[in-house]
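Residue numbers for the sequence shown follow the working numbering, so the first one is 58 and each next one is one higher. Heads up, the thing below is written out as structure tokens.
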Amino acid sequence: GPPTAVNTSDIPNPRCYALSPKSLNILGSRSDIQPAHYESMQVWEQDSPSLVLFHANDLDQTEFNGSYLGAVVEDAPLVSSLWRELRQASSVKLLAERQVVDFSTDGDSDLMQVTTKRSTNDDSKSSSLQTRLLVAADGANSQIRRDCGIKWEGFQYNRTALTCTIQLSSNMPRRAFQRFLPNGPCALLPTRSLQHATIVWSTTPEIALQYKNTSEKELVQELNNMLQQGPQRIPPLFDNLHSTSNSLLGNLAYGVERVVDTVQYGLTMAHWNDHDEVFVAPPRVESIAGPRYTFPLSCHHADSYISQNVVLVGDAAHTVHPMAGQGLNLGLDDVQALVDCISRSYKSGMNIATFLEDYNTTQRLKNSVRINGIHVLHQVFGNHSTVLQHCKSLG
Numbered sequence: 058g059p060p061t062a063v064n065t066s067d068i069p070n071p072r073c074y075a076l077s078p079k080s081l082n083i084l085g086s087r088s089d090i091q092p093a094h095y096e097s098m099q100v101w102e103q104d105s106p107s108l109v110l111f112h113a114n115d116l117d118q119t120e121f122n123g124s125y126l127g128a129v130v131e132d133a134p135l136v137s138s139l140w141r142e143l144r145q146a147s148s149v150k151l152l153a154e155r156q157v158v159d160f161s162t163d164g165d166s167d168l169m170q171v172t173t174k175r176s177t178n179d180d181s182k183s184s185s186l187q188t189r190l191l192v193a194a195d196g197a198n199s200q201i202r203r204d205c206g207i208k209w210e211g212f213q214y215n216r217t218a219l220t221c222t223i224q225l226s227s228n229m230p231r232r233a234f235q236r237f238l239p240n241g242p243c244a245l246l247p248t249r250s251l252q253h254a255t256i257v258w259s260t261t262p263e264i265a266l267q268y269k270n271t272s273e274k275e276l277v278q279e280l281n282n283m284l285q286q287g288p289q290r291i292p293p294l295f296d297n298l299h300s301t302s303n304s305l306l307g308n309l310a311y312g313v314e315r316v317v318d319t320v321q322y323g324l325t326m327a328h329w330n331d332h333d334e335v336f337v338a339p340p341r342v343e344s345i346a347g348p349r350y351t352f353p354l355s356c357h358h359a360d361s362y363i364s365q366n367v368v369l370v371g372d373a374a375h376t377v378h379p380m381a382g383q384g385l386n387l388g389l390d391d392v393q394a395l396v397d398c399i400s401r402s403y404k405s406g407m408n409i410a411t412f413l414e415d416y417n418t419t420q421r422l423k424n425s426v427r428i429n430g431i432h433v434l435h436q437v438f439g440n441h442s443t444v445l446q447h448c449k450s451l452g
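Listed below in structure tokens is the structure:
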């Protein structure tokens, strides 16, 4: 149902989304959501000299002619803004605080019978309506998806995200930061307040629980330890041979390491010089500015986005690791694709079911590529092999 109130506190809420320019265009102009735009994102890894900077001009300028790479938006203002628009739309009949309890196709008709009841009262009377399309946007635990018998394939990462709002010792620049660590990435995201930022730290469930409950001083110290360290040298390839440095094998290992070392840091410095990339240390964490939250990380994908007159969008169709900040972006892309299908159906006078297979094929393929790409990145950066670290540093 719609929120009863929006938190207007000066301290931003850590429940937020990193939105791409495309997603912001889909949402349209909404001054009430106070987006925190950022122009670049700095990514680096523990035990690696590499540094990657993503800039606004890296985007396709023919499609996104803007000065920002993305924006962070809090959940409550965004949801409130969308509900407000629904209430004000004369073409929308809003049935708030109701849940779907049953649905079925009506024989040979293209209409579906949908039964709902109040979500806040188990004893409430049910009511029915007819529709040509039922959109399941009821999240990763979608009851509608389960009722359709659509398979939900995937796995848990055995990782937990710890998120909270922090106060900074200096103003946050128009840049997002993400450092890859052995157990997962730690991101520092801008907020509508220059004095605050949002932490999203992916790590093991044990470490996440430890730092959710530890003292503020210890969490602040750990966050600064993680984020204030810049690019580093890679551990040696043949560390176990150093004790035999007087042997022919030890000398050969030392020589190979020096060659690899020269190539790696030569390429890294050349890349920095060519792209004017300079490591910028994030602002230091001064204090924890609010509650700490944790949530388990998973990767799941529905094996179909449609079932007769039912169509899945957003988390009901897919969930991804938050390291790339693509969760809501993928969902909004689903919505835009579905809107295009409905528009084509209306303009042609044809049944919407005619176009749903296009939505299913196109969106599922696009999202499969994105989801697999994010998973591969997670696996590559989560691999602690020294050999792989050396290979990654070579690009």
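Glycine is no exception: its CB is placed at the ideal position from the N, C-alpha and C atoms.
Return the bridge partner residues of residue i from the DSSP annotation.
i, result
"residue 101", "108, 236"
"residue 253", "224"
"residue 158", "In the DSSP output, where bridge partners are listed per residue, residue 158 has none listed."
"residue 73", "131"
"residue 193", "369"
"residue 211", "357"
From residue i to residue j, what distance separates their C-alpha atoms?
i, j, result
"residue 131", "residue 422", "29 Å"
"residue 239", "residue 390", "32 Å"
"residue 147", "residue 153", "15 Å"
"residue 108", "residue 393", "34 Å"
"residue 268", "residue 129", "24 Å"
"residue 327", "residue 341", "Reliability of the predicted coordinates at residue 327 is poor, the pLDDT of 47 falling under 50, and no value is obtained from them."
"residue 288", "residue 83", "37 Å"
"residue 369", "residue 157", "14 Å"
"residue 69", "residue 344", "14 Å"
"residue 404", "residue 432", "39 Å"
"residue 46", "residue 149", "Absent from the model: residue 46. The displayed extent of the chain is 58 to 452, so no value can be given."
"residue 213", "residue 355", "4 Å"
"residue 155", "residue 181", "10 Å"
"residue 191", "residue 202", "11 Å"
"residue 286", "residue 338", "8 Å"
"residue 373", "residue 216", "21 Å"
"residue 210", "residue 244", "27 Å"
"residue 282", "residue 241", "15 Å"
"residue 176", "residue 81", "31 Å"
"residue 424", "residue 258", "24 Å"
Where do the N-terminal and C-terminal ends of the beta strand (DSSP E) with residue i fall, by residue?
i, result
"residue 19", "Residue 19 cannot be examined here, being either before or after the span of the chain that is shown, 58 to 452."
"residue 383", "Counting along the chain, residue 383 falls outside any beta strand (DSSP E), and DSSP gives it neither H nor E."
"residue 345", "342-345"
"residue 244", "241-247"
"residue 186", "184-188"
"residue 91", "Note, residue 91: premise wrong, no beta strand (DSSP E); not H, not E."
"residue 174", "169-175"
Mind checking which residues open and close the alpha helix (DSSP H) that includes residue i?
i, result
"residue 273", "273-284"
"residue 14", "Given a span of 58 to 452 for the chain in the structure shown, any question on residue 14 remains unanswerable."
"residue 231", "Note, residue 231: premise wrong, no alpha helix (DSSP H); not H, not E."
"residue 265", "262-270"
Say whether the segment 250-262 touches the segment 336-355, bearing in mind that this needs 3 or more beta-carbon pairs closer than 8 Å, one atom from each stretch. Contact between the segment 250-262 and the segment 336-355 is present, with at least three C-beta pairs closer than 8 Å.
Given 8 Å, three or more beta-carbon pairs between the segment 234-250 and the segment 94-107: As far as the Cβ criterion goes, the segment 234-250 touches the segment 94-107, which means the pair count is three or higher.
For the 8 Å Cβ check, are there 3 or more pairs between the segment 355-367 and the segment 408-419? Of all C-beta pairs linking the segment 355-367 to the segment 408-419, three or more are shorter than 8 Å, placing the two stretches in contact.
Okay, do the segment 214-234 and the segment 179-197 touch, 3+ Cβ pairs below 8 Å being the bar? With the cut-off at 8 Å, the segment 214-234 and the segment 179-197 do not touch.
Below 8 Å, can you find three or more Cβ-Cβ pairs linking the segment 74-92 to the segment 132-147? Flag = yes, the segment 74-92 and the segment 132-147 touch.
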